[in-house]
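Some notes on the structure that comes next.
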Amino acid sequence: MPGIVRIGTYLPRHRLSAATQGWPHASSRAVAYHDQDSLTLAIEASRRCLMGFDLDKVDAVFFVSTSSPFLEKLSSAFLAAGLGLRSDVLALDIAGSPAGLGAALEAGLGMIASNRARYVLIASGDCRDAMPFSSIEALSSDTGGAVLLGRQGVIAELEGSSFLTLPILDTWQLRHERYLKDTEERFIQEKGYLSALPKAMEGLLQKMGAGVHDFAYAGIAQPDPRRLGQAAKALGLGQKGLLGERLYKELGYLGCSTPAFLLEEALQTMTSGERALLLGYGDGAFAIALKAAQGLEKARPKNASWLFRDVAHYTDILKWKEHVLYAPRARRPSLDPSSPISLFRERQQNLALVGVRCKGCGYPQYPAQRLCTRCRGTDFAPEPFAEKRATLFTYSLDTLGPTPDPPLIVCFIDFEGGGRMQCLMTDADPKELNIGMPLEMTFRRLFVADGIPNYFWKCTPMREGKS
Amino acid sequence: MSGITDKIAIVGMGCTKFGEHWDKGLEDLIVEAALEAFSDAQIEAKDIEAAWFGMQYAIGTARGTPLAHALKLDYIPITRVENACCTGTDAFRNACFGVASGMYETALVVGVEKIKDSGLSGLPVSYAPIWGSRVEPPVPAPVQFALAATRYFATYGLSYEEGKRLLAKIAVKNHKNGVKHPKAHLRREISLEDALKAPLVAWPLGLFDCCPVSDGAAAAIITTPEKARRLGRPYTLVKGIGLACGARQALLDDAYDMVHFEETVRAAKQAYDQAGIKNPREEISLAVVHDCFTITELIIYEDLGLSSRGRAKEDIDSGFFEIDGGLPVNTDGGLKCFGHPIGASGLRMLYEVHNQLLGRPLGLKVENPRLGLTHNLGGHPGHFTCAVCVLGQGT
Chain U
2 MPGIVRIGTY LPRHRLSAAT QGWPHASSRA VAYHDQDSLT LAIEASRRCL MGFDLDKVDA
62 VFFVSTSSPF LEKLSSAFLA AGLGLRSDVL ALDIAGSPAG LGAALEAGLG MIASNRARYV
122 LIASGDCRDA MPFSSIEALS SDTGGAVLLG RQGVIAELEG SSFLTLPILD TWQLRHERYL
182 KDTEERFIQE KGYLSALPKA MEGLLQKMGA GVHDFAYAGI AQPDPRRLGQ AAKALGLGQK
242 GLLGERLYKE LGYLGCSTPA FLLEEALQTM TSGERALLLG YGDGAFAIAL KAAQGLEKAR
302 PKNASWLFRD VAHYTDILKW KEHVLYAPRA RRPSLDPSSP ISLFRERQQN LALVGVRCKG
362 CGYPQYPAQR LCTRCRGTDF APEPFAEKRA TLFTYSLDTL GPTPDPPLIV CFIDFEGGGR
422 MQCLMTDADP KELNIGMPLE MTFRRLFVAD GIPNYFWKCT PMREGKS
Chain L
193 MSGITDKIAI VGMGCTKFGE HWDKGLEDLI VEAALEAFSD AQIEAKDIEA AWFGMQYAIG
253 TARGTPLAHA LKLDYIPITR VENACCTGTD AFRNACFGVA SGMYETALVV GVEKIKDSGL
313 SGLPVSYAPI WGSRVEPPVP APVQFALAAT RYFATYGLSY EEGKRLLAKI AVKNHKNGVK
373 HPKAHLRREI SLEDALKAPL VAWPLGLFDC CPVSDGAAAA IITTPEKARR LGRPYTLVKG
433 IGLACGARQA LLDDAYDMVH FEETVRAAKQ AYDQAGIKNP REEISLAVVH DCFTITELII
493 YEDLGLSSRG RAKEDIDSGF FEIDGGLPVN TDGGLKCFGH PIGASGLRML YEVHNQLLGR
553 PLGLKVENPR LGLTHNLGGH PGHFTCAVCV LGQGT
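Same order as they appear, the protein sequences are chains U and L.
The C-terminal position of the first sequence is numbered 468 in our numbering, with every residue numbered one higher than the one before it.
The C-terminal position of the second sequence is numbered 587 in our numbering, with every residue numbered one higher than the one before it.
Shown next, in the form of structure tokens:
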């Protein structure tokens with residue numbers, strides 16, 4: 002039976018919390034760094050989801066977001082390129098609704114059930130355009146999620162689903178508007194959330210001929226985490242088996258990725274044969290029933306790293322998210338835009354970090370050379386660098402460099418198995434740097450100049466474990 | 193192959209004061225340096241048969257004609273040379289070949305830069321080739337050399353404090369020398385404490401580890417030794433001139449140590465071989481080197497063979513490179529104090545060595561110099577262009 006094969010989530014390194022000077026809210030929230038957007042978050046989650054998986058078997062990729070960097074242009078096409086998927090995959094963006102993941106699961110499952118695809122990757126990412134000081138800012142975290150659907154190696158079967166559509170102006174963003182807009186909170190809850198969710202759930206239970214007691218766990222996506230208990234109660238769900246408690250408490254609402262995090266949590270605790278209910282809200286609601294498959298215990302998803310670095314000051318975020326204009330640290334020429342033609346020509350090299358390995362002497366090098374730097378050979382094989390580990394060879398902290406979070410960390414790194422690269426380091430505390438420290442690569446947006454975004458890779462200190 | 197040694201005589205040199213010339217334009221600087229050189233050689237513009245014109249930042253003027261225009265040269269061939277911070281020496285080098293080939297008897301070399309009009313701090317440098325993908329990190333010059341400093345400290349077990357102190361001594365020395373030179377940009381002495389306490393630019397490099405960006409021009413008139421003798425003017429002779437360009441090896445090859453710059457080693461070897469220098473530490477009387485940053489000067493000591501590998505610290509601590517030391521380096525203050533108008537710097541170095549060899553330096557004097565060296569470095573670690581030139585006494 003088709004179902005979920007793998008799952009991956011990603012939390013940005015930075016957090017807004019009581020430790021953040023000037024943070025106007027009582028909550029703590031994961032926040033994208035200045036070089037991250039919904040696409041890069043989705044790629045990071047997908048990399049964790051697909052670690053060690055044969056990428057050539059993925060036949061379709063969906064990008065789910067309400068905050069895609071592009072209005073026109075498929076982020077999923079960049080996602081596919083960044084991950085190194087085949088170029089003949091079906092790429093699709095599912096935009097506009099925080100419940101998009103439910104629709105994506107249904108569509109992906111349909112493709113697999115009808116043998117149109119072997120594996121479908123669903124990646125979500127959100128950096129919602131919350132106005133500074135707004136309650137949406139207080140309640141939302143920037144995160145990425147990824148779910149791989151397939152027929153082989155299934156860890157959870159998707160047994161049934163039910164959908165509901167509701168045209169309601171609860172939270173929305175018009176074209177050309179800088180920020181999200183929302184309406185009266187109790188109206189949203191009463192006529193939106195608490196109206197749609199029970200209907201979707203009822204629909205599912207009726208289809209399945211089941212009752213809530215048949216589900217050991219329930220994951221509810223709640224845009225207003227303060228009202229999670231209220232929602233559970235209205236749905237007739239008890240506190241027992243209610244997923245996402247820590248998630249909501251420490252991170253709040255995760256936008257389109259909320260269902261991915263809830264699924265991950267479910268699949269970390271369920272035992273084979275147990276059922277869970279997944280409920281999502283947005284322009285209506287969805288309800289999905291899943292059953293833990295045989296073999297889940299051997300292939301449980303791993304947590305995203307919860308190791309955070311607290312943002313020092315709220316004004317940092319105002320700069321990172323471009324809420325304010327600010328003067329550069331030095332009078333230097335402004336960044337010239339990238340050439341879209343050059344970006345196209347080097348798309349594999351830049352987006353998937355593919356270099357070469359010399360067939361003559363075996364030395365790996367990035368970027369691709371026409372003649373080997375060591376033996377001048379001209380025969381090369383492609384060599385992906387994105388998943389290689391590296392060590393720090395040398396570094397400098399540029400106090401005047403173009404970054405909203407000085408200093409700019411410039412370094413030379415040496416890849417495991419050979420190869421050297423000069424690159425930027427991100428998500429790092431300058432005080433924790435030392436030569437030889439272990440690093441990994443991460444997909445980022447270097448800058449946008451003249452409306453041209455430039456996605457590329459940076460190195461970052463290895464970040465493991467749940468704290 | 194007959195080489196270049198003793199085939200080129202420098203008969204005239206000129207150099208403007210380096211600094212922030214708010215009231216002077218490109219033409220003013222070119223004319224001032226060139227007229228000083230003409231007067232030094234006691235020749236006129238009409239005697240110049242060909243010219244080489246070095247300028248790095250030349251938006252809309254990347255050609256030879258600005259030199260012709262400024263000096264009203266008479267339809268002579270002029271070649272524009274652009275080779276990063278090495279531009280000045282490379283213009284000189286190509287002029288040498290023009291004269292040594294017998295094609296021309298007398299040639300003019302002018303290097304100039306007028307960059308303070310940009311209104312920018314640091315170099316008006318773009319970080320990557322225009323029209324590229326621009327995924328390379330933005331690495332302005334201080335960052336490039338800071339990367340080498342970090343690596344040098346780590347390789348030789350210097351703590352941050354020890355490394356900073358070592359570099360500060362170089363800055364203090366160069367200011368001490370440069371303050372005596374009337375044409376230097378920064379005419380002030382600094383203390384070790386000043387250097388250590390200066391704000392960071394690119395960690396571990398601080399403000400006084402960095403040379404200033406300046407406006408300025410310098411010029412040379414070269415000819416054959418025969419004509420030099422006919423002119424009856426004092427002259428110096430080119431003993432050797434080397435140039436080496438990196439191919440980004442250091443950015444690609446993890447075997448590269450980043451505590452030496454191979455381009456300097458190779459350019460020096462070319463020049464030493466031509467000049468017959470076996471032991472540079474003993475044979476060279478003074479060196480004027482490309483101290484764009486203090487760490488650069490430290491690494492240059494070792495790359496030129498003036499100090500042993502990893503032993504520059506001992507020579508710095510013993511004062512070996514001070515004006516009264518065994519081998520004075522940057523007797524005019526170097527880039528650090530004299531300033532760095534990119535296209536002019538290579539020729540400014542030759543100006544200092546030439547005048548020292550002729551016993552008429554404008555600043556501090558080296559006693560009885562025999563051979564003088566200039567070292568001019570452009571670009572980034574991993575892909576430098578480096579020129580080394582050795583001058584000797586005219587006979």
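A virtual CB, placed ideally from N, CA and C, is assigned to each residue, including glycine.
Check: Would residue 411 of chain U count as contacting chain L if we go by Cβ distances under 7 Å?; Outcome: yes
Check: So if I threshold CB-CB distances at 7 Å, which residues from the region 318-349 of chain U count as touching chain L?; Outcome: 331, 332, 333, 334, 337, 339, 340, 343, 344 and 347
Check: Counting only Cβ pairs nearer than 7 Å, list the residues of chain U close to residue 446 of chain L.; Outcome: 415, 419, 420 and 421
Check: With the cut-off set at 7 Å, would you say residue 273 of chain U and residue 293 of chain U are in Cβ contact?; Outcome: yes
Check: Counting only beta-carbon separations shorter than 7 Å, does residue 362 of chain U have a partner in chain L?; Outcome: no
Check: According to DSSP, is residue 202 of chain U helix, strand or coil?; Outcome: helix
Check: With DSSP run on the structure shown, which of helix, strand or coil describes residue 288 of chain L?; Outcome: helix
Check: Is the Cβ of residue 342 of chain L closer than 7 Å to any Cβ of chain U?; Outcome: yes
Check: Quick one: which residues of the region 121-141 of chain U get their C-beta closer than 9 Å to a C-beta of chain L? List them in chain order.; Outcome: none
Check: Identify whether residue 385 of chain U lies in helix, strand or coil by the three-state DSSP scheme.; Outcome: strand
Check: Only counting the same chain, and skipping five residues up and downstream in sequence, which positions put a Cβ closer than 6 Å to that of residue 358 of chain U?; Outcome: 365, 382 and 384
Check: Since residue 199 of chain U contacts residue 229 of chain U with CB under 8 Å, what's their CB separation in whole angstroms?; Outcome: Actually they are not in contact, since the Cβ atoms of residue 199 of chain U and residue 229 of chain U sit about 15 Å apart, beyond 8 Å.
Check: Just how far apart, CA to CA, sit residue 292 of chain L and residue 195 of chain L?; Outcome: 9 Å
Check: With burial defined as no fewer than 16 other Cβ atoms inside 10 Å of the residue's Cβ, what is the status of residue 469 of chain U: buried or exposed?; Outcome: Missing from the structure shown is residue 469 of chain U; chain U here goes from 2 to 468 and no further.
Check: In angstroms with no decimal places, state the Cα-to-Cα distance between residue 103 of chain U and residue 129 of chain U.; Outcome: 19 Å
Check: Give me the chain L residues within the contact set of residue 396 of chain U, using Cβ-Cβ distance strictly less than 8 Å, ordered along the chain.; Outcome: 339 and 342
Check: Compare the Cα-Cα distances from residue 325 of chain L to each of U:378, U:346 and U:38 and report the closest residue.; Outcome: U:346
Check: Which same chain residues end up closer than 8 Å to residue 275 of chain U when comparing Cβ atoms and leaving out the 5 residues on each side of it in sequence?; Outcome: 217, 218, 292 and 293
Check: Curious, which full-length alpha helix (DSSP H) runs of at least 4 residues does the region 399-487 of chain L contain?; Outcome: 417-423, 441-444, 454-467 and 472-475
Check: I'd like to check one pair, residue 106 of chain U with residue 59 of chain U: are the Cβ atoms closer than 7 Å?; Outcome: no
Check: Which residues bound the beta strand (DSSP E) around residue 572 of chain L?; Outcome: 563-572
Check: Could you tell me whether the Cβ atoms of residue 334 of chain L and residue 397 of chain L are closer together than 7 Å?; Outcome: yes
Check: Using a Cβ cut-off of 8 Å, pull out every chain L residue sitting near residue 424 of chain U, in sequence order please.; Outcome: 329
Check: Using a Cβ cut-off of 7 Å (strictly closer), state whether residue 37 of chain U contacts chain L.; Outcome: no
Check: Could you tell me the distance, in whole angstroms, from the CA atom of residue 66 of chain U to the CA atom of residue 4 of chain U?; Outcome: 22 Å
Check: Of the residues L:238, L:479, L:258 and L:359, which one's Cα is nearest the Cα of residue 581 of chain L?; Outcome: L:479
Check: Taking the Cβ atom as the reference point for each residue, do residue 413 of chain L and residue 300 of chain L lie within a distance shorter than 7 Å?; Outcome: yes
Check: So with Cβ pairs under 7 Å, would you call residue 295 of chain U a contact of chain L?; Outcome: no
Check: My output table needs one value for residue 314 of chain U: the three-state DSSP class, helix, strand or coil.; Outcome: strand
Check: May I have the straight-line CA-CA distance separating residue 253 of chain L from residue 99 of chain U, to the nearest angstrom?; Outcome: 56 Å
Check: How would you list, in chain order, the residues of chain C whose beta-carbon sits under 7 Å from the beta-carbon of residue 457 of chain U?; Outcome: Here chain C cannot be found, since the structure's protein chains are U and L.
Check: Taking its Cβ as the centre, do 16 or more other Cβ atoms sit within 10 Å of residue 468 of chain U, making it buried, or is it exposed?; Outcome: Reliability of the predicted coordinates at residue 468 of chain U is poor, the pLDDT of 37 falling under 50, and no value is obtained from them.
Check: For residue 254 of chain U, list the residues DSSP reports as bridge partners.; Outcome: U:141
Check: Between which two residues does the beta strand (DSSP E) harbouring residue 304 of chain L extend?; Outcome: 298-305
Check: Assuming residue 223 of chain U and residue 180 of chain U make a contact with CB atoms under 8 Å, what is their CB distance in whole Å?; Outcome: That pair is no contact at about 22 Å.
Check: In three-state DSSP terms, what is residue 587 of chain L?; Outcome: coil
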